[in-house]
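Below: one structure, written as structure tokens.
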Amino acid sequence: MNDNVKSAARVLDILELLARSDEPMALKDLVSVLALPKSSAHALLRTLQSRGYVERDAADRYALNESMRQSAGWIGGPEAHLAAVARPVMEQLRDELEESVFLGVREARGDVKVIAKAVSRAAIRYDSDDPDPRTAYCTGMGRILLAFWDKKSTAAYLIRNRFRAHTPRTVTDPAKLRAILAKVAADGYAVVEEEYVLGGSATAAPVFGANGTVVAALNVGTVSARYPAAKPRIIAGVVRAAATISQRLGYRRAA
112 MNDNVKSAAR
122 VLDILELLAR
132 SDEPMALKDL
142 VSVLALPKSS
152 AHALLRTLQS
162 RGYVERDAAD
172 RYALNESMRQ
182 SAGWIGGPEA
192 HLAAVARPVM
202 EQLRDELEES
212 VFLGVREARG
222 DVKVIAKAVS
232 RAAIRYDSDD
242 PDPRTAYCTG
252 MGRILLAFWD
262 KKSTAAYLIR
272 NRFRAHTPRT
282 VTDPAKLRAI
292 LAKVAADGYA
302 VVEEEYVLGG
312 SATAAPVFGA
322 NGTVVAALNV
332 GTVSARYPAA
342 KPRIIAGVVR
352 AAATISQRLG
362 YRRAA
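Per my numbering, the sequence shown starts with residue 112, numbered consecutively.
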């Protein structure tokens with residue numbers, strides 16, 4: 112077996128072992144199970160971590176990226192890296208606000224794909240396991256991604272789509288949506304109350320990549336009954352958390 116084939120086999124062995132493990136694994140345990148040279152295993156794990164396939168915790172233990180265990184399927188490359196960077200920030204925000212937190216990216220035609228979530232531990236909470244893309248015009252993440260898309264693409268999205276009302280509160284008029292998106296871009300966050308589903312409200316903020324473009328939207332999903340009292344705190348929290356993720360991705364805001 113040549114070196115390239117051997118390395119590929121070892122990568123698959125590592126991923127399969129981590130997929131079977133219910134708990135993160137220390138390097139020494141992984142090396143012991145797979146009978147790999149420690150230096151080789153460490154180098155491969157570092158590469159897998161940098162590409163977002165593997166996560167490393169504070170105790171230097173390794174685990175498969177949680178995105179790969181979700182129903183949406185296997186996510187590798189940039190999206191996995193994005194989810195891995197965002198996850199600890201999302202979990203901290205979830206615990207701070209006691210609400211569910213979602214991370215979404217824009218698909219080619221403008222819809223939203225959720226790539227990570229941290230679900231609230233509250234007995235009554237907002238959650239969604241729908242693996243299908245979410246409509247953009249009436250969701251918090253979608254409005255962020257539309258508002259910070261290039262103007263030509265956003266205009267084309269508003270022209271080519273026919274907007275249906277998901278609830279009695281859904282805004283479907285293109286002119287009104289343009290005004291809403293302009294306000295979202297100016298404010299730096301989006302608030303959507305019961306436009307996508309009755310009983311659920313969303314607060315979202317943009318996540319910037321190192322090159323200054325918006326690569327994702329961070330969203331807090333809230334049960335509408337408790338949203339009004341918590342709204343200022345949620346807005347501040349999601350904006351701050353999105354800025355933290357952006358910074359960890361290498362984004363530096365211009366002075």
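C-beta: ideal position from N, C-alpha, C; glycine also.
Grab the span of the beta strand (DSSP E) containing residue i for me, first residue to last.
i: Arg167; result: 165–167
i: Val282; result: Looking at the DSSP string, Val282 is not in any beta strand (DSSP E), and its letter there is neither H nor E.
i: Ala301; result: 301–304
If we ignore side chains and look at the alpha-carbon of each, how far apart do residue i and residue j end up?
i: Val303; j: Thr314; result: 7 Å
i: Tyr362; j: Lys263; result: 24 Å
i: Ala341; j: Glu305; result: 16 Å
i: Gly310; j: Glu218; result: 26 Å
i: Asp222; j: Leu329; result: 15 Å
i: Lys139; j: Ser150; result: 11 Å
i: Val165; j: Ala120; result: 16 Å
i: Ala267; j: Asn322; result: 24 Å
i: Asp206; j: Pro199; result: 11 Å
i: Leu257; j: Thr355; result: 21 Å
i: Leu360; j: Ile345; result: 22 Å
i: Arg275; j: Arg245; result: 13 Å
Looking only at DSSP bridge pairs, what is residue i linked to?
i: Gly311; result: Val334
i: Phe213; result: Lys228, Asn330
i: Tyr362; result: Per DSSP, none; premise fails for Tyr362.
i: Leu175; result: Val165
i: Pro317; result: Ala328
i: Arg254; result: Partner(s): none; Arg254 has no beta bridge.
i: Arg245; result: Val223
Between residue i and residue j, which are expected to be in contact by the criterion C-beta below 8 Å, what is the C-beta distance as a whole number of angstroms?
i: Glu209; j: Ser231; result: 6 Å
i: Leu147; j: Leu175; result: The Cβ separation is near 17 Å, so there is no contact.
i: Met201; j: Leu193; result: With a Cβ gap of about 11 Å, Met201 and Leu193 do not count as contacting.
i: Val57; j: Val331; result: In the structure as shown, the chain begins at 112 and stops at 366. Residue 57 is therefore absent and cannot be evaluated.
i: Val282; j: Ala316; result: In fact, because the Cβ distance is near 20 Å, the residues do not count as touching under 8 Å.
i: Ala301; j: Gly251; result: 5 Å
So, is residue i buried or exposed, given that buried needs 16 or more other C-beta atoms within 10 angstroms?
i: Ala370; result: Not covered by the structure: residue 370. The range shown for the chain is 112 to 366.
i: Thr324; result: exposed
i: Ser182; result: Note that Ser182 has pLDDT 42, beneath the 50 cutoff, so the model's placement of it is unreliable and the number below is only indicative. Burial call: exposed.
i: Glu190; result: buried
i: Ser161; result: exposed
Any beta carbon from chain D within less than 9 Å of residue i's own beta carbon?
i: Ala191; result: The question asks about chain D, but that chain is absent: this structure has only one protein chain.
Between which two residues does the alpha helix (DSSP H) carrying residue i extend?
i: Gly221; result: No alpha helix (DSSP H) holds Gly221; DSSP gives it neither H nor E.
i: Leu141; result: 138–145
i: Ile270; result: 262–271
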